[in-house]
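Student:
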Amino acid sequence: MEIGRSNRLAGVAYDVRGPIQEEASRLEAQGRRVIPLNIGNPAHFGFEAPPELIAEVARRLPEAEGYGDAKGIEPARRAIAAHYRGRGVAGTDADHVYVGNGVSELVGLALLALLNEGDEVLVPAPDYPLWTATVRICGAKAVHYLCDEQADWWPDLSDLATKVTSRTRAVVVINPNNPTGAVYPAEVLTAIAELARQHDLVVLADEIYERLLYDGAEHVPMASVAPDRLCLSFGGLSKAYRLAGFRCGWLVVSGPTGHARGFLSGLDVLADLRLCANLPAQYAVEAALEGYQSIDDLVRPGGRLLEQRNLAWAMLNQIDGVSCVKPAGAMYVFPRLHPSVHPVEDDRGLVLELLRATGVFVVPGSGFNWPRPDHLRIVTLAQVELLEEAIAALSDFLGSRRPY
Ligand code: PLP
Numbered sequence: 353m354e355i356g357r358s359n360r361l362a363g364v365a366y367d368v369r370g371p372i373q374e375e376a377s378r379l380e381a382q383g384r385r386v387i388p389l390n391i392g393n394p395a396h397f398g399f400e401a402p403p404e405l406i407a408e409v410a411r412r413l414p415e416a417e418g419y420g421d422a423k424g425i426e427p428a429r430r431a432i433a434a435h436y437r438g439r440g441v442a443g444t445d446a447d448h449v450y451v452g453n454g455v456s457e458l459v460g461l462a463l464l465a466l467l468n469e470g471d472e473v474l475v476p477a478p479d480y481p482l483w484t485a486t487v488r489i490c491g492a493k494a495v496h497y498l499c500d501e502q503a504d505w506w507p508d509l510s511d512l513a514t515k516v517t518s519r520t521r522a523v524v525v526i527n528p529n530n531p532t533g534a535v536y537p538a539e540v541l542t543a544i545a546e547l548a549r550q551h552d553l554v555v556l557a558d559e560i561y562e563r564l565l566y567d568g569a570e571h572v573p574m575a576s577v578a579p580d581r582l583c584l585s586f587g588g589l590s591k592a593y594r595l596a597g598f599r600c601g602w603l604v605v606s607g608p609t610g611h612a613r614g615f616l617s618g619l620d621v622l623a624d625l626r627l628c629a630n631l632p633a634q635y636a637v638e639a640a641l642e643g644y645q646s647i648d649d650l651v652r653p654g655g656r657l658l659e660q661r662n663l664a665w666a667m668l669n670q671i672d673g674v675s676c677v678k679p680a681g682a683m684y685v686f687p688r689l690h691p692s693v694h695p696v697e698d699d700r701g702l703v704l705e706l707l708r709a710t711g712v713f714v715v716p717g718s719g720f721n722w723p724r725p726d727h728l729r730i731v732t733l734a735q736v737e738l739l740e741e742a743i744a745a746l747s748d749f750l751g752s753r754r755p756y
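Residues 353 to 756 (the working numbering) are what the sequence shown spells out, left to right.
1) Take the Cβ of Asn468 as the centre, count every other Cβ of all protein chains shown within 10 Å, and call the residue buried at 16 or more, exposed below.
2) Pull up the distance between the alpha-carbon of Asn527 and that of Tyr536, whole angstroms please.
3) DSSP on Val685, reduced to helix/strand/coil?
4) Leaving out five residues on either side along the sequence, give the residues of the same chain with a beta carbon under 8 Å from the beta carbon of Asp649.
5) Starting from His496, trace the beta strand (DSSP E) both ways and give me its first and last residue.
6) Give the C-beta separation of Ala462 and Leu625 to the nearest angstrom, bearing in mind that I take them to be a contact with Cβ-Cβ under 8 Å.
7) How is Ala365 classed by DSSP in three states: helix, strand or coil?
8) So, Arg700 versus Asp726, is the Cβ gap smaller than 7 Å?
9) Give the straight-line distance between the Cα atoms of Gly751 and Ala744, rounded to the nearest whole angstrom.
10) Could you give the first and the last residue of the continuous beta strand (DSSP E) run that contains Gly607?
11) In angstroms, rounded to a whole number, what distance separates the CA positions of Thr542 and Leu389?
12) In this structure, does DSSP put Gly438 in helix, strand or coil?
13) Go ahead and label Asp479 buried or exposed: buried means 16 or more other beta carbons lie within 10 angstroms of its beta carbon, across all protein chains shown.
14) Identify the residues that DSSP records as bridge partners of Ser456: which are they?
15) Helix, strand or coil: how does DSSP classify Phe586 here?
16) On the CB-based measure, 16 or more other CB atoms within 10 Å of its CB, does His611 come out buried or exposed?
17) Taking buried to mean at least 16 other C-beta atoms within 10 Å of its own C-beta, is Asn359 buried or exposed?
18) So is the beta-carbon of Tyr450 under 6 Å away from any non-hydrogen atom of the ligand PLP?
19) Using the beta-carbon count (16 or more within 10 Å), is Ile432 buried or exposed?
20) If we count the other Cβ atoms within 10 Å of its Cβ and call it buried at 16 or more, is Glu562 buried or exposed?
21) Tell me which same chain residues have a C-beta within less than 8 Å of the C-beta of Leu641, skipping the five on either side of it?
22) Let me make sure I understand the geometry here. Which of Val637, Cys490, Ala362 has the alpha-carbon closest to that of Val449?
23) Whose C-beta lies closer than 8 Å to the C-beta of Trp506 among residues of the same chain, with five residues either side of it excluded?
24) So, using beta-carbon positions, are Gly452 and Gly601 closer together than 7 Å?
25) What are the boundary residues of the alpha helix (DSSP H) that Glu642 is part of?
26) Could you say which of Ala503, Arg378, Val523, Gln502 lies nearest to Val487 if we only look at CA atoms?
27) Would you tell me roughly how many angstroms separate the C-alpha atoms of Gly643 and Tyr593, rounded to the nearest one?
28) Just tell me which of Leu482, Trp483, Gly470, Ala503 has its CA closest to the CA of Lys493.
29) Can you check which of these residues, Asn630, Asp508, Ser510, is closest to Glu457 by C-alpha distance?
30) Do you know how far the Cα of Met353 is from the Cα of Ile560?
31) Nearest-angstrom Cα distance between Gly420 and Val621?
32) Are there 16 or more other CB atoms within 10 angstroms of the CB of Thr757, so buried, or fewer, so exposed?
33) How many Å lie between Tyr497 and Arg581 at the Cα?
34) Within 6 Å: the Cβ of Tyr344 and any heavy atom of the ligand PLP?
35) Pop quiz: Trp722 and Ala477 are said to be a contact at Cβ under 8 Å. What is the actual Cβ separation, rounded to whole angstroms?
36) The alpha helix (DSSP H) with Thr484 in it runs from where to where?
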């Protein structure tokens, strides 16, 4: 009998890897060179984790043989709680923290504990596709609200308001944003909090890039402007601490919880069911949050990440028919291919063509649930020389397929 894919996976995709990755691996197996600008994996491009974090994990490794607490080890949870209190999220203590195998796992646990069949969740377009995929896996509906490219990719608040229905349970905010690199000002966050208040929505704040900020941009934690809402804030070690492979993230519950005991007991049972998160990585958390923030050196003038963002942004804007909003945070650019100059019907097909022709691997904008096939997402982690080579190849490729 044919073994089919579960119905729960209808409409579930992850183009950051997925079929395009398969093609990239096939090309590499043939001896072709691929420039992987598809995935925000700092270690790929020679970004080393802070050595003191590795040393701390190595030192504590013998203590990490057994299962640990399902919600995470106490010192890590205390440090995470203190971090949020220090950032203006009052009343957070270790009991409000769940440590998991990356934000990716915790989004799954949180949405599974929250959502019922037919519920709706407001998710940004474009989004980090984990969110849309996970909402769908839970049998709920991801309703996309638009972010406005003309307004630095901030959420379009009027569009957001029109998307609320009686079935809406939660609103997702990704700030700093993947894929756009937008960093939202306090007034945008306050307006979203107000909407959540009016419609009794749970606020889900993915803030994994909170420390990856350029040109003096300031990150305001969503939970700090929504103290009267049940808010789940997500963060972790993958990006600013360059420890993506350690698989360590956290979820912090804030705001009133008296009415959310059922949800929280669901979260507890799901955390219990997977016994515990990867334990060795948790020994890095205290040192990461409380120590010197080496990421600051990478995002200030002269720092690698800032220089690479500058180069990618400037080069893309020099390509005829391409424009790119300057990212204020994170590690991506999301350029637009103007349809009058670069007509594209199928951006997945375009990305495959680009990969086959040049070896440059980027992600189609539609993979981020952007509704039109006119954007690409490019990771800015590659060294300046490699980025320069890749964007020059993209420019030549786009020029070669122009109809006139
Ligand atoms: N959230 C966003 C916005 C991301 O961009 C990513 C990874 O790229 C994740 C979550 C996943 O993070 P983790 O490595 O903690 O699972």
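Ideal placement from N, C-alpha and C gives every residue a C-beta, glycine not left out.
Tutor: Working from what's here:
1) With fewer than 16 Cβ atoms within 10 Å of its Cβ, Asn468 is classed as exposed.
2) Rounded to whole angstroms, Asn527 and Tyr536 show a C-alpha spacing of 7 Å.
3) In this structure, DSSP gives Val685 an extended state, which the three-state scheme calls strand.
4) Once the five neighbours on either side are set aside, the close Cβ partners of Asp649 are Gly655.
5) In the DSSP annotation of this structure, the continuous segment of the beta strand (DSSP E) that includes His496 starts and ends at 493 to 500.
6) With a Cβ gap of about 14 Å, Ala462 and Leu625 do not count as contacting.
7) For Ala365, the secondary structure class from DSSP, reduced to helix, strand or coil, is coil.
8) No Cβ-Cβ contact shorter than 7 Å links Arg700 with Asp726.
9) One C-alpha to the other measures close to 10 Å.
10) No beta strand (DSSP E) holds Gly607; DSSP gives it neither H nor E.
11) Using only the alpha carbons, I get a separation of about 34 Å.
12) Helix.
13) When all chains shown are included, Asp479 counts as buried.
14) In the DSSP assignment, Ser456 forms no beta bridge with any residue.
15) Per DSSP, reduced to three states, the secondary structure at Phe586 is strand.
16) Looking at its Cβ environment, which holds fewer than 16 other Cβ atoms inside 10 Å, His611 is exposed.
17) Its Cβ having fewer than 16 others within 10 Å, Asn359 is exposed.
18) Set against 6 Å, the gap from the CB of Tyr450 to the closest heavy atom of the ligand PLP is not smaller.
19) Counting of Cβ neighbours within 10 angstroms places Ile432 among the buried residues, the total reaching 16 or more.
20) With 16 or more other Cβ atoms within 10 Å, it is buried.
21) Taken in chain order, the residues that qualify are Ala431, Ile432, Ala434, His435.
22) When only C-alpha atoms are compared, the closest one is Val637.
23) Within its own chain, the residues whose Cβ lies closer than 8 Å to the Cβ of Trp506, once the five positions on either side in sequence are excluded, are Cys499, Asp500, Ala534, Tyr536, Pro537, Val540, listed in chain order.
24) With a cutoff of 7 Å on beta-carbon distance, Gly452 and Gly601 are scored as near each other.
25) Per DSSP, the unbroken alpha helix (DSSP H) holding Glu642 starts and ends at 637 to 642.
26) The residue with the shortest Cα to Cα distance from Val487 is Val523.
27) In this model, Gly643 and Tyr593 are separated by some 11 Å (Cα to Cα).
28) The shortest C-alpha separation from Lys493 is found at Gly470.
29) Checking every option, the nearest Cα to that of Glu457 belongs to Asn630.
30) The C-alpha of Ile560 lies about 43 Å from the C-alpha of Met353.
31) Each residue's Cα considered, the two are about 15 Å apart.
32) Within the shown structure, residues of the chain are numbered from 353 to 756, placing residue 757 beyond reach of any answer.
33) One Cα belongs to Tyr497, the other to Arg581, and the distance between them is close to 20 Å.
34) Not covered by the structure: residue 344. The range shown for the chain is 353 to 756.
35) Between Trp722 and Ala477 a beta carbon distance of about 6 Å is seen, short of the 8 Å cut, so the two are scored as contacting.
36) It spans 482 to 489 - the alpha helix (DSSP H) in which Thr484 sits, taken as one unbroken run.
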